[in-house]
DNA sequence: TCTGTAGAGTGAACAACGTTTACTAATATA
DNA sequence: TATATTAGTAAACGTTGTTCACTCTACAGA
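Chains as they are written, first to last, in the working numbering: chain X, 1 to 213; chain L, 1 to 213.
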């Protein structure tokens, strides 16, 4: 009985099938097209049957949200060692923004109101999606690659970075649909400009010891 | 006939009354509580009657959105002359964030998907809510109070500033409900840190000639 | 192998939503 | 005053998420 009973396996398979259909609707027709009836018809179930697999629509969306985070993190390219620090940061930003650009529906879903949101600053700082960035910044500061003004911490710089990337992605997805690359280009330049002000100008490479965000 | 006919005046009064009720629901019960039926009952109308005054729910929300922008801009305190530039910028940021904190429902409404959103970068740059910030930054750079690195423009700095303020406000409203001031304090420090890197350290005052954002 | 029970699956309904339609009643205009 | 406009309504339409009472199937224990 090391493998689950066949009933349980079928159950799990159906569950994944429902999630796959929901994912397909999200990517092809958009977030607002995900309705229980629409979804049920796509998997040849009655709407009520979905409630045998999920407690409700919100649980299905929550699963897709986790998928989105995983997809974004696994699409991170392996950065070649010896890359200048500002290039590393720039690529991190670009990767995040590219994800939002390529999968706007995924990004909209991730940013849509959920019940799973941290309620305070401490929880946010320990969010697995944000913590690596803080760690990365701290290492960079500790190594001397980034110089932080007196009275401030690596957290401040990480926050700024996160703010910028988050704002650019959101704006691109929600407002700048019909725009050329002008917005993204200019925005990334803005990030670059600010980062350059803190990065100690050494062409010497910097490589984080932790896994990158 | 210089004043509108009494029928038209009553019509306009009813319209404003409906908007007032919608505003009350927004502030007291939240954005998701605004429904045509809920609103109709509050103003002692049948739901269908609202369609004699508005083309639909979206038009009502659009009116509230404009209210929100107006309210935010009129709540801007008159800055005393002779204020250091970084203090001016900091207060501008604080004013924006304070508005989102005081009226989270208004802010959520403003940021909710609308049909009136600019579709490209050029329109965005001419948005009356963003243009003053660019103007302000340009004046500050022209006067020498802010130094921009070579190859960059005041627009880059304005974008960064807008990104930060926007991101902080959104995070405060959507995620950081139960948190103390730690998040806002740290975030404002982050803005301050970055701004300080560009502001030429002169205690000499700077006063914009244009109206402030 | 037979049987009883847990559970997969369903049709119908409920409550709420935005909106439309056909209609009445009140008002403004001529 | 007669007429045309328009404010206002009840009822319905087509959605939505969710629940309930009910089958029928598949698996477990005798």
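Quick reminder that beta carbons are idealized off the backbone N, C-alpha and C, glycines included.
What you are looking at is a predicted structure, and each value in this text was computed from that prediction instead of being measured.
CA nearest to the CA of residue i, picked from the options
i	options	result
residue 155 of chain L	X:137, X:155, X:156, X:183	X:183
residue 121 of chain L	L:67, L:159, L:68	L:159
residue 22 of chain X	X:9, X:13, X:36	X:36
residue 27 of chain L	L:111, L:124, L:106	L:106
residue 135 of chain X	X:59, X:58, X:162, X:113	X:162
residue 57 of chain X	X:68, X:90, X:39, X:71	X:39
residue 24 of chain L	L:55, L:186, L:64, L:144	L:64
residue 181 of chain L	L:130, L:112, L:101, L:164	L:101
residue 167 of chain X	X:191, X:147, X:150	X:191
residue 30 of chain L	L:130, L:110, L:197	L:110
residue 108 of chain X	X:150, X:33, X:13	X:33
residue 149 of chain L	X:90, X:150, X:196	X:196
residue 104 of chain L	L:124, L:60, L:176	L:176
residue 89 of chain X	X:9, X:132, X:112, X:8	X:132
residue 200 of chain X	X:60, X:95, X:87	X:87
Whether residue i touches residue j by CB criterion (8 Å)
i	j	result
residue 11 of chain X	residue 193 of chain L	no
residue 140 of chain L	residue 83 of chain L	no
residue 97 of chain L	residue 169 of chain L	yes
residue 114 of chain X	residue 67 of chain X	no
residue 72 of chain L	residue 54 of chain L	no
residue 117 of chain X	residue 186 of chain L	no
residue 198 of chain X	residue 157 of chain X	yes
Buried versus exposed, by CB contacts within 10 Å (16 or more), residue i
i	result
residue 137 of chain L	buried
residue 188 of chain L	buried
residue 172 of chain X	buried
residue 126 of chain L	exposed
residue 51 of chain X	exposed
residue 164 of chain X	buried
residue 70 of chain L	exposed
residue 145 of chain X	buried
residue 93 of chain X	buried
residue 7 of chain L	exposed
residue 210 of chain X	Note that residue 210 of chain X has pLDDT 41, beneath the 50 cutoff, so the model's placement of it is unreliable and the number below is only indicative. Flag for residue 210 of chain X reads exposed.
residue 13 of chain X	exposed
residue 203 of chain L	Only weak support exists for where residue 203 of chain L lies, its pLDDT of 45 falling under 50; the value from the coordinates is given anyway. The residue in question, residue 203 of chain L, is exposed, as its Cβ has fewer than 16 Cβ neighbours within 10 Å.
Distance cut-off 7 Å: residue i Cβ against heavy atoms of the ligand ATP
i	result
residue 118 of chain X	Although the ligand ATP was asked about, the structure shown includes no ligands whatsoever.
- Query: Taking Cβ-Cβ distances below 8 Å as the criterion, which residues of the segment 107-119 of chain X are in contact with chain L?
  - Reply: Of all residues in the segment 107-119 of chain X, the ones placed with a Cβ closer than 8 Å to any Cβ belonging to chain L are 113, 117, 118, 119, in chain order.
- Cβ contact (3+ pairs, closer than 8 Å) linking the segment 5-25 of chain X and the segment 39-47 of chain X: yes
- Contact between the segment 75-82 of chain L and the segment 44-61 of chain L: three or more CB pairs below 8 Å? Proximity of the segment 75-82 of chain L to the segment 44-61 of chain L falls short of the contact definition, fewer than three beta-carbon pairs being nearer than 8 Å.
- Members of the segment 129-153 of chain X that neighbour chain L once the beta carbon cut-off is set at 9 Å: 148, 149, 151, 152, 153
- Query: Listed from N- to C-terminal order along the chain, which residues in the segment 184-204 of chain L have their beta-carbon within a distance smaller than 8 Å of any beta-carbon of chain X?
  - Reply: 186, 187, 189, 190, 191, 193, 194, 196, 197, 198
- Contact list for the segment 82-93 of chain X against chain L, Cβ threshold 8 Å: none
- Taking Cβ-Cβ distances below 7 Å as the criterion, which residues of the segment 42-69 of chain L are in contact with chain X? none
- Closer than 9 Å, Cβ to any Cβ of chain X: which residues of the segment 167-178 of chain L, in chain order? 167, 168, 170, 171, 174, 175, 176, 177, 178
- Query: Using a Cβ cut-off of 8 Å, which residues of the segment 10-36 of chain L contact any Cβ in chain X, in chain order?
  - Reply: none
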